[in-house]
Amino acid sequence: MAKSLTHKQYLNLYKSLLLPRLIEEQMLLFLRKGKISKWFSGIGQEAISVGITSALKSNDVILPMHRNLGVFTTRNVDLETLFSQLMNKKDGFTKSRDRTFHFGCPDKHIIGMISHVAAMLPVANGYGFAFQINKEKRVAVAFVGDGATSEGDFHEALNLAAVWNLPVIFVIENNGYALSTPTNQQYACTNLIDRAVGYGMKSLSLDGNDLMDVYHQFGKIVKKTRNGEGPYLVEAKTFRMRGHEEASGVDYVPEKLINSWNKKDPVLRFETQLKSKKVIDENGIKKIKQNLLSAIIPILDKVSSKPESSSTENEEINDVYSPPGFKIKNPSKKKREIRYIDAIKECLDQKLEDDSSVLFYGQDIAEYGGVFKVSEGFLKKFGNDRIRNTPIIESGLVGMGLGVSLNGLKPVIEIQFADFITCAFNQIVNNLAKNYYRWGSSVNVTIRMPSGGGMGAGPFHSQNPEAWFCHVPGLKVVVPSNPMDAKGLLNSAIDDPNPVLFFEHKALYRSQIGEVPENLYHIELGKAKRVKEGDSLTIICYGLAVHWAIDAVDSLGEYEGRIEIIDLRTLIPWDKDLIRASVQKTGRVLILHEDHLTGGFGAEISAWISEHCFEYLDAPVTRLGSLDTPIPANEKIEKDVFWPKNQIHSSLTQSLNY
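Put into structure tokens, the structure is as follows:
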């Protein structure tokens, strides 16, 4: 053992090490009795969780994985609530909505995992970034398995942490296998910490089965990281004694290998060390085990006898989104004409000045001012803590936003082109979107994306990907069509305690000019706007398509007073009440958008109208969208063939004459 502690300290560490082992052994019994359905065993790896957690301060943030029960028990998480979670009972941390360690426990500064391994590493960066800019001497520690070090999020997170010198420690629990794939089939380097050199990061190797080695060595680097000498990549070498989960078994592991690691059992090893130090004897060990079992078994029995979980439709739906809660600021009467892009810039500028919790980051947004110059001058005005360039790491950006938000800030992220959001898909649809529903913590993250075509930019800089995200509960999707709405909706998006995807059409940036109030005001998300009044047909549209509709109606006098145009403004949530009222009045509907026709959001609106407004219809609902092809780079072909703009007149005539 590297350093002497008091007898009391040794005994407290032993109890902390033994408790997760005893709980696991009971859980395995419950599994055989059918009281739980699945278990990811950390037997043999307890020294890592317990040693690291014991070396941290209570307000340092930990992001654990499958086999880190010792993190929760060492942080003294309420055992009844924890066992309810592990047994999928309603009064667990996630109300039976997620299993095992897929939850957050903010009062204990523990942020649990999702199933997509390595996804929480960028989240740790978010915490580290928040600690850094708030001048807090705190540390974020993120666990990851050896298999997950091949994931992109691992590399994106390490790179950003090193470049920004974040107070983050990444801990690889190298237990020999991912699920069943041995390490020699996962990576070619000798040690996983060899990768730290490539990122300019410090590293540390630990004997993951020696509690004292973990506790003392990790404690040293925590002090360094806390004082700005991080980040660190740590590799704790250990072994997974049981299957990836119990049903997997260990038939693929050589028996000789299991036997050799059995001799390094961290509990037995520490007991031997304590006996050699005369801290405890065999009778003392038995007494501690009996006392711990006497404490946990009644709680386990109580939880296992709780009734099966139940819920209602309203209860589930009401927990998908966090209630907005912010006070709406109305637009001032004083206005002046500005461009769409200037309205967005003005909102960000005023918001950053008005609300110190707002920060803005993305690729090339600092000195360069962004590729569309939205943030030009922001760095000089607000400083590097709030306006910051990032590497090209879309997934890393969004994941970091979750951590920043959970620490009480309001990150605004710019994705350079909406097309590039695909690289962050998992973080958006699985991490951001599901967080509030799973364990009740709001996620205030705004993602701004220049989208749309019309500029001859081809298939990778012209897409309208809004419909991809409208399918995901927990996200809000906003698509403003004019300067006034752009400013008011963006302000609401930033204040909304839910993840908001904010699509800004590139073709509107400098072409659309309108009157915009000078103050910082809100426009409520989920409220559509009637752009033109009419009594014979309703055009439902959003974004650039609003201007197609206006141009089409204005170009032919015969439509005057007959065509109603509704600008949705927000797709999720969308304004069903205004749509119903308009359809009831006109009896005919044309749904128009720039996105591809098949699977476009217009299909959802059409289906809803057919189901809920059928009795008002005098003609079939008509949809117009772009061709179901990738977007051509030739600008003339895009506008003449790909876009549906030229079909509006014929569709209106056909519907009106039906």
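Quick note: the sequence shown uses the working numbering, first residue 635, plus one each step. Beta carbons: idealized from backbone N, C-alpha and C, even for Gly.
Residue i - partner residues in DSSP beta bridges
i     : result
C739  : I744
M1083 : F1137
I1199 : K1166, I1173
Y644  : Beta-bridge pairing links Y644 to no other residue.
G973  : Residue identity differs from the one stated: residue 973 is Arg in this sequence, not Gly. R973 is bridged to I1147.
F994  : I1021, V1046
Y866  : I803, K836
K871  : N808, D841
A774  : V695, V802
G779  : E807
C-beta neighbour in chain B for residue i, strict 8 Å
i    : result
Q984 : Among the chains of the structure shown, chain B does not appear; only one protein chain is present.
Reduced DSSP secondary structure (H/G/I, E/B, other) of residue i
i     : result
M635  : Low local confidence applies: a pLDDT of 43 at M635 is under 50, so the model's placement there is unreliable, with the coordinate-based value given in what follows. Coil at M635, not helix or strand.
N964  : coil
I951  : helix
F904  : helix
T707  : helix
G1259 : strand
V1046 : strand
N1280 : helix
A1183 : helix
S1026 : Per the sequence presented here, residue 1026 reads as Ile, with Ser not at that position. I1026: coil per DSSP, three-state reduction.
G1035 : helix
G883  : coil
N1069 : helix
Y811  : strand
H1095 : coil
V1008 : coil
F727  : coil
G1090 : coil
I999  : coil
V797  : helix
A1052 : helix
D1274 : helix
G668  : coil
T946  : coil
Y1292 : coil
N1041 : coil
Given residue i as reference, the closest of the options once Cα atoms are compared
i     : options                    : result
I895  : D841, T1220, G1037, I1128  : With the sequence shown as reference, residue 895 is identified as Trp, and Ile is not the correct amino acid for it. Selected option, being the one with the closest Cα: D841.
I827  : I803, M846, D847           : I803
Q997  : P1133, D983, A681, S1029   : S1029
P1107 : P1131, N1023, T708, D953   : D953
S839  : A822, Q851, L755           : Q851
K858  : M875, N843, K836, V1079    : K836
N1332 : L647, H1230, R666, L656    : One cannot answer for residue 1332 here, as it falls past the ends of the chain, which runs 635 to 1292.
V1294 : C981, V1113, P1266, K890   : Since the displayed the chain opens at 635 and closes at 1292, residue 1294 lies outside it and no answer follows.
W798  : M1034, A1141, G1122        : M1034
S1066 : H750, K898, P1278, D725    : Contrary to the premise, residue 1066 reads as Leu rather than Ser in this sequence. Cα-wise, what sits closest to L1066 is H750.
L1036 : T734, N759, T707, L690     : N759
Y974  : P865, E880, T817, K1140    : K1140
S675  : N809, I686, L645           : N809
G668  : I806, D780, E880           : E880
N1023 : I1049, G1042, V1038, K1044 : I1049
C981  : I744, G1122, D725          : G1122
L703  : G726, F735, A689           : F735
K1161 : A1186, D1119, S1189        : D1119
Q1061 : E1158, L1190, L1031        : L1031
I1293 : A1091, F1137, K967, A689   : No information on residue 1293 is available, as it lies outside the stretch 635 to 1292 that the chain covers here.
P958  : N1098, C823, P1133, D1019  : P1133
E1010 : P1025, I1026, D976         : D976
P865  : R666, N1116, Y761          : Y761
L1166 : S1284, S1115, A1183        : Note on residue identity: the sequence assigns Lys, not Leu, to residue 1166. Out of S1284, S1115, A1183, A1183 has the C-alpha closest to the C-alpha of K1166.
T687  : S650, R903, D780, I677     : S650
Please give the ranges of any alpha helix (DSSP H) in the segment 814-860, keeping only runs that are unbroken, at least 4 residues long and fully inside the region. Runs of the alpha helix (DSSP H) lying entirely within the segment 814-860 and spanning at least 4 residues, in chain order: 829-833, 845-860.
Does the segment 1072-1079 come within contact of the segment 1250-1267, defined as at least 3 CB pairs closer than 8 Å? Flag = no, the segment 1072-1079 and the segment 1250-1267 do not touch.
Using a Cβ distance threshold of 8 Å, determine whether the segment 769-778 contacts the segment 687-702, with at least three qualifying pairs required. In short, these stretches touch, since the Cβ pair count reaches three.
Uninterrupted alpha helix (DSSP H) stretches inside the segment 1102-1152 (no shorter than 4 residues): 1117-1129
Scan the segment 1203-1252 and note each continuous alpha helix (DSSP H) run of 4 residues or more that stays entirely inside, going in chain order. 1210-1220, 1235-1246
Check whether the segment 738-751 touches the segment 989-1008, counting contact only when three or more Cβ pairs, one atom from each stretch, lie closer than 8 Å. Taking a cut-off of 8 Å on C-beta distances, the segment 738-751 does not touch the segment 989-1008, as fewer than three cross pairs fall below it.
For the segment 1241-1250 and the segment 1192-1202, state whether three or more C-beta atom pairs, one from each stretch, are separated by less than 8 Å. no
Across the segment 659-676 and the segment 719-726, are there enough close Cβ pairs to call them in contact, namely three or more that are closer than 8 Å? yes
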